[in-house]
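Comments concern the structure below.
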Amino acid sequence: MDLNSRSIVERITFYVKHIPVGKVATYGQIADMAGNPRASRVVVRVLNTVSKTEKLPWHRVINSKGMISLKRGHGYEMQKHLLESEGVIFNDNDRINLKQFQWRGS
DNA sequence: AACCTGACTTCGG
DNA sequence: TCCGAAGCCAGGT
2 MDLNSRSIVE
12 RITFYVKHIP
22 VGKVATYGQI
32 ADMAGNPRAS
42 RVVVRVLNTV
52 SKTEKLPWHR
62 VINSKGMISL
72 KRGHGYEMQK
82 HLLESEGVIF
92 NDNDRINLKQ
102 FQWRGS
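For what it's worth, the numbering used here labels the leading residue of the first sequence as 2, then goes sequentially.
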């Protein structure tokens, strides 16, 4: 498919779908791969809208600090559980070691 | 067209 | 290393 002719939203969707199991990507990282390193907030919108009609591995997207952005009682627990079930480890500060789990796209 | 919003990021103190 | 402020994108109102 011709990614370059697609919209930023479509490209973001494409990359999110390609995050491998057991790995994570940051909002900024996906935005960057999609062509606009400053469109991290668009990634948020995509996860909220697109994931309603398509199955996306939304839980594999975390913030630049290696932490889950969802709040407790509002998805945080669910996302953490999904990631742990894939082998991702959280340290004592509830953070994920990006050096170890961040997806290194090509 | 102005204004608001969101699972963000970067930078300065 | 930890905030707070400011910057940023795109869609919805």
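Built from N, CA and C at the ideal position, the CB exists for glycine as well.
Membership of Thr54 in any alpha helix (DSSP H) is not indicated, and neither H nor E is assigned to it by DSSP. Distance between Gly67 and Met34, taken at the CA atoms: about 18 Å. Classified as exposed, Thr50 has fewer than 16 neighbouring CB atoms from the shown chains inside 10 Å of its CB. With respect to Ala40, Ile20 sits apart: the two C-beta atoms are not nearer than 9 Å. Within the DSSP secondary-structure output, Phe91 pairs in a beta bridge with Ile97.
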